[in-house]
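Worksheet for the structure shown next.
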Amino acid sequence: MSAAVYIPHDLLAGPSPDGALAADIAELSAFFADDKRFLLSDLRNDIEIGEDEYDDVDAQNRESDLVIEAAASVLTDREHLGGEGYPFSLDSTGARLTYTGIENWGHKSYLISLVLSHLSTVTDVLRQVERAPNAASVSNLRNWFQQMAASALAAELRGQGWAFGWPRPDQSGFHTKMNQVWRAIGDGTLHDPPPADAPKSVKDCEIDVVAARPHDDRMPGFQLAMAQVATGANWKDKSVRTMVDNAFFEFWFSRPPASQRTAYHIIPFILSKQDSYWETLRLGHIMSRLRLCQLAHLAEALIANNEITSEGTDAFGHFSEWVEQYRGGQHWV
111 MSAAVYIPHD LLAGPSPDGA LAADIAELSA FFADDKRFLL SDLRNDIEIG
161 EDEYDDVDAQ NRESDLVIEA AASVLTDREH LGGEGYPFSL DSTGARLTYT
211 GIENWGHKSY LISLVLSHLS TVTDVLRQVE RAPNAASVSN LRNWFQQMAA
261 SALAAELRGQ GWAFGWPRPD QSGFHTKMNQ VWRAIGDGTL HDPPPADAPK
311 SVKDCEIDVV AARPHDDRMP GFQLAMAQVA TGANWKDKSV RTMVDNAFFE
361 FWFSRPPASQ RTAYHIIPFI LSKQDSYWET LRLGHIMSRL RLCQLAHLAE
411 ALIANNEITS EGTDAFGHFS EWVEQYRGGQ HWV
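Under this note's numbering, residue 443 is the last one in the sequence shown; the count climbs by one each step, no gaps.
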C-alpha cells in the first residue's frame, strides 16, 4: 500500500533525503491506514514511480534505499525519546510502523503536533491529497494545542499553568485574566486601574501560556515562565522575548515581579539539533514536538496526583473526539 499522503519527491529522492520529513510521512500514512500500519518500503516505491529511468539500476536501488534508512533512523530516535508518550511503534526490523492510538496525553500532544506541522499553510503533504483539516478544524486544533501547551509548561516547572492566550478557555478578558494569574503567583503588583494610555483592545500581549512555581512562603524568587505558542510556517519570526524581558512588566505593573522570567517558544514542529542552539538564543527555551509529548505525558500523571495544576486540560478530550472523525474522513478540506 502506498503512502496515504503526498510525497515531496524533491526532498526525499536523491543522496540526501530529509529523514525527518520521511518519518512524518510514514507516521501520517500509518495514522490514516485502515490497519494502522505502514511499510517503510512503500516510501521507496512511491519515490521510484516519479523517477526517470536510471542507466545504472544498482545505483538507483542504493539511492532508493537511503530514504528508508533515513526514515527508520529518525523513527527509532523518536520512539526512544518519546517513550510512553509516542503514539507509534516501529517493529524490530525497522520495516513496519504501527499507529498505536492516543491513550494518553503524550500521544495526543504528539499527534496534534504532527497534524499541525503539515497544515496546508506549512507543507503540501496533506493538502495535495485533500486530507488537510478544514478551516473550522484548524482553528480548533490551534486552540487545543495552545491549551495543551499550558499543561506541558506546568509540568516543566512542576507548578501551575494558565492558558493566557486568546481565546482563553474561561472566556475571560485580558485584565481579568492578568489579575487572576498574578493573585495566584503572588509576585508583582499590577497597575490598578490600568495605565491611561493602555490599548483599548488587548487580547494577550503575545503571551499564550504562563506558568509558575511559587513557594508556600509567598516570597519572590521562584520559577516563572511565559511562552509564545507558534503553529505557522513563520514560527521563527514570532519571539516573545522582548515582551517577557521588557514591555509586558514595564507597562502593566507598578511593581514588576522580582522573580526572574524565562521566555519559552512552543511549537509543534521537529527542531533539528543544528538549529536548536541559535533558535534558543533568539527565541528562548524551545519546546518542540518530542519534548511536548514527554511533558504532556508527565503532566497527566502529575495533575492526577494533584502535584501540579493547569488550565485547558479539556483540550485533550476534545482532540480525542476529533481524531476518530478525522481518521474516518470527516473534517477534511
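Positions of the beta carbon are idealized from the N, C-alpha and C atoms, including for glycine. Here the structure is a predicted model, which is why all the values come from computation and not from measurement.
Buried/exposed call for residue i, threshold 16 Cβ in 10 Å
| i | result |
| --- | --- |
| Asn253 | buried |
| Thr341 | buried |
| Lys287 | buried |
| Leu391 | exposed |
| Ser219 | buried |
| Pro305 | exposed |
| Asp156 | buried |
| Pro125 | exposed |
| Pro462 | This structure cannot speak to residue 462, because the chain is shown only from 111 to 443. |
| Thr352 | exposed |
| Arg188 | buried |
| Gln281 | exposed |
| Thr233 | buried |
| Gln257 | buried |
| Ser382 | exposed |
Beta bridge counterpart(s) of residue i as assigned by DSSP
| i | result |
| --- | --- |
| Phe148 | Leu207 |
| Gly271 | Ala321, Ser420 |
| Phe363 | Leu300 |
| Phe69 | A question about residue 69 goes unanswered here, because the residues of the chain that appear run from 111 up to 443. |
| Trp442 | Pro243 |
| Leu334 | Ala322, Arg371 |
| Ile376 | Val339, Met397 |
Distance, residue j Cα to residue i Cα
| i | j | result |
| --- | --- | --- |
| Asp297 | Phe274 | 17 Å |
| Arg154 | Cys315 | 47 Å |
| Leu402 | Leu131 | 19 Å |
| Val115 | Ala180 | 18 Å |
| Glu158 | Pro118 | 12 Å |
| Arg504 | Arg206 | Examination of residue 504 is not possible in this model, given that the chain is present from 111 through 443 alone. |
| His228 | Phe379 | 9 Å |
| Ser199 | Glu137 | 10 Å |
| Ala182 | Leu121 | 16 Å |
| Arg147 | Ala140 | 5 Å |
| Thr372 | Leu393 | 10 Å |
| Glu266 | Gly427 | 21 Å |
| Gln370 | Leu149 | 49 Å |
| Phe359 | Pro324 | 18 Å |
| Asn416 | Ala123 | 49 Å |
| Asp134 | Gln440 | 21 Å |
| Asp302 | Asp355 | 22 Å |
| Asp326 | Asn289 | 20 Å |
| Lys348 | Ser202 | 40 Å |
| Ala357 | Gln384 | 31 Å |
| Glu434 | Gly283 | 33 Å |
Short Cβ contact (8 Å threshold) for residue i with residue j
| i | j | result |
| --- | --- | --- |
| Val184 | Gly129 | yes |
| Gln333 | Ala322 | yes |
| Leu300 | Trp215 | no |
| Thr423 | Ser247 | no |
| Lys310 | Trp276 | no |
| Glu410 | Lys346 | no |
| Trp442 | Asn244 | yes |
| Val225 | Leu251 | yes |
| Val350 | Ile317 | yes |
| Val239 | Trp272 | no |
| Ala294 | Ile418 | no |
| Ala259 | Ala337 | yes |
| Ile212 | Ser420 | no |
| Ser112 | Asp145 | no |
| Ser398 | Ile413 | no |
| Tyr374 | Ala335 | yes |
| Pro366 | Pro330 | no |
| Phe142 | Arg437 | yes |
| Phe255 | Val339 | yes |
Same chain, Cβ closer than 6 Å to residue i, five either side skipped, listed in chain order
| i | result |
| --- | --- |
| Leu400 | Leu191, Gly192 |
| Gly195 | Gly216, Cys403, Gln404, His407 |
Cβ neighbours of residue i in the same chain (closer than 7 Å, five flanking residues each side left out)
| i | result |
| --- | --- |
| Asp175 | Arg154 |
| Leu236 | Val115, His228, Ser230, Ala242 |
| Thr210 | Pro197, Phe198, Ser199 |
| Ala308 | none |
| Thr208 | Ala140, Lys146, Arg147, Phe198, Ser199 |
beta-carbon residue i near the ligand ADP non-hydrogen atom, thresh 7 Å
| i | result |
| --- | --- |
| Gly269 | Among the components of this structure there are no ligands whatsoever, and the ligand ADP is therefore not found. |
Spatial neighbours of residue i in its chain, beta-carbon cut-off 8 Å, leaving aside the 5 residues before and after
| i | result |
| --- | --- |
| Thr186 | Leu200, Gly204 |
| Ile222 | Leu251, Trp254, Phe255, Met258, Pro378, Phe429 |
| His285 | Pro304 |
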